[in-house]
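Position 309 of the sequence shown, counting from 1, maps to 348 under our numbering, and the rest follow consecutively.
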Amino acid sequence: MDQRIELRHLRYFLALAEELHFGRAAQRLHIAQPALSQQIRQLEKIVGVELFRRTSRSVRLTDAGATFRPRAGDLLGRLAADLDEAGRVGRGEAGRLDIAFITSATAIVSERLRAFSRRRPDVQVRLHDGFTVDVLTALERGTADIGIVRDAEERDDIDLAPLTTERLVAVVPTDHPAAGNGRVKAAALAADPLILFPRSAGAHAFDVNTQPIRDTGNDVRVAQECSNWHTIIMLVAAGLGVTIAPHSATTLLPAGARRLELDGPPAVSRVLLATRRGDDRPLVRAFTAVSESVVAGRGERSNDGAASAR
């Protein structure tokens, strides 16, 4: 079969199949009747069989035409749907968005994702969690479109926009000498075993967390390295050491652990929205706009929401 069939052949065929009258079909298509007759004959030549039985009084579908009719309708319907989807993807109304995030920002991600899904229900969102360094690497490699990170270091090809800040606090075992107070000086923790995530998870984030101890002139000695705040705090509760954490990681402490405010200069952690520099795709712009609207809608203040890991 010759494959030169065109969309107009399908449209003309369907119009005539519905009207079963060349004059009415031509009028509906806004073309001359001879032009319609010519196109139908051309389609039948391409298919290799008659699709309509014509007499001086009537036009009716042949068995081949009746078989072809629903398929022609399906083809045009799928094309219309595909064109509509392409338009919605181009406008950022559909498609897929990959979001990589640190799990200590789960509450922030969830809030933005709820707002985004309400506005873009046809967008498929895939979530990937990891360390800050993993999130930034995923952005650079193109395996993530949006990143949510904490205290990330600057990179030439990554744009960072602030989402929220929160204070850092100390977490100590309940039998720690300072546990009976509501506050503690970082110097009082310098000699204790420190439990924290590895510096390789995010060098700047590690430095932010340990800055209160370094400000006392003491060296930082990490006794145990863990990949998430839940494990870190469970080890603190077991009496294996102390940690300095974002406040949001300490809202639900296990028995055996106590949160203390840090005395001294304010110590804060920043959660940031990361995107590839120059990435102006509609879906990325749409998520960024939703995130900004969430902030504006409640006059963003320091966030002390739930968290799990850096």
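Note that the Cβ used here is the ideal one computed from N, Cα and C, for glycine as well.
Problem - Touch test, the segment 227 to 247 against the segment 313 to 328, Cβ-Cβ under 8 Å, three pairs minimum - result: no
Problem - Simplified DSSP state of R108, which is helix, strand or coil - result: The residue given as residue 108 occupies position 69 in the sequence shown. R108: helix per DSSP, three-state reduction.
Exercise for the section: Spatial neighbours of R67 within its chain, please: CB distance less than 7 Å, with the 5 preceding and 5 following residues excluded, ordered by chain position. Expected result: Position 28 of the sequence shown, counting from 1, holds the residue named residue 67. These residues qualify, in order along the chain: A54, E58.
Handout entry: 6 Å Cβ shell around G169 - same chain, five flanking residues per side excluded
Key = One-based indexing of the sequence shown puts residue 169 at position 130. Hits under 6 Å: none found.
Exercise for the section: Report all residues from its chain with a CB closer than 7 Å to the CB of K224; omit the five preceding and five following residues, and keep chain order. Expected result: As a working mapping, residue 224 is identified with position 185 in the sequence shown. Excluding sequence neighbours, K224 sits near D302, G303.
Practice task
Report yes if the C-beta distance between R50 and I85 is below 8 Å; otherwise report no.
Solution key: On the sequence shown, position 11 is the one that residue 50 refers to. On the sequence shown, position 46 is the one that residue 85 refers to. No, they are not a contact pair.
Exercise for the section: If I'm right that V261 touches L235 with Cβ under 8 Å, what's the distance once you round it to whole angstroms? Expected result: As a position in the sequence shown, residue 261 is number 222, starting the count at 1. As a position in the sequence shown, residue 235 is number 196, starting the count at 1. Correct: roughly 5 Å between the Cβ atoms.
Practice task
Would you kindly work out how many angstroms separate the C-alpha atoms of L318 and F155, rounded to a whole number?
Solution key: Taking the first residue of the sequence shown as position 1, residue 318 is located at position 279. Taking the first residue of the sequence shown as position 1, residue 155 is located at position 116. First, the residue type needs correcting, since residue 318 is Asp and not Leu in the sequence shown. The C-alpha of F155 is placed about 18 Å away from the C-alpha of D318.
Practice task
Report yes if the CB atom of F61 is closer than 8 Å to the CB atom of Q77, and no otherwise.
Solution key: To locate residue 61, count along the sequence shown from 1; it is residue 22. To locate residue 77, count along the sequence shown from 1; it is residue 38. No. Outside cutoff.
Problem - Identity of the residues DSSP links to T182 by a beta bridge - result: Within the sequence shown, numbered from 1, the residue matching residue 182 stands at position 143. None; T182 has no bridge partner.
Handout entry: Pairwise C-alpha distance: T106 and E45
Key = Sequence index remark: in the sequence shown, residue 45 carries index 6 (1-based). Sequence index remark: in the sequence shown, residue 106 carries index 67 (1-based). Taking the straight line from one Cα to the other gives about 19 Å.
Exercise for the section: Give me the Cα-Cα distance between P82 and R96, rounded to the nearest whole angstrom. Expected result: Here the question's residue 82 lines up with position 43 in the sequence shown. Here the question's residue 96 lines up with position 57 in the sequence shown. A small fix is needed here, since residue 82 is Leu in this sequence, not Pro. Going by the C-alpha atoms only, they are around 22 Å apart.
Practice task
Could you name the residues that DSSP lists as bridge partners for L301?
Solution key: For the purposes of this step, residue 301 is identified with residue 262 of the sequence shown, where counting begins at 1. Paired residues: V223.
Problem - Identified DSSP bridge partners for R315 - result: As a position in the sequence shown, residue 315 is number 276, starting the count at 1. Answer is I197.
Practice task
Specify the secondary structure class of E89 as computed by DSSP and reduced to three states.
Solution key: The residue labelled residue 89 in the question sits at position 50 within the sequence shown. Three-state result, E89: coil.
Problem - Spatial neighbours of A65 in its chain, beta-carbon cut-off 7 Å, leaving aside the 5 residues before and after - result: Residue mapping note: residue 65 aligns to position 26 of the sequence shown, counting from 1. Result list for A65: A71, Q72, L75, in chain order.
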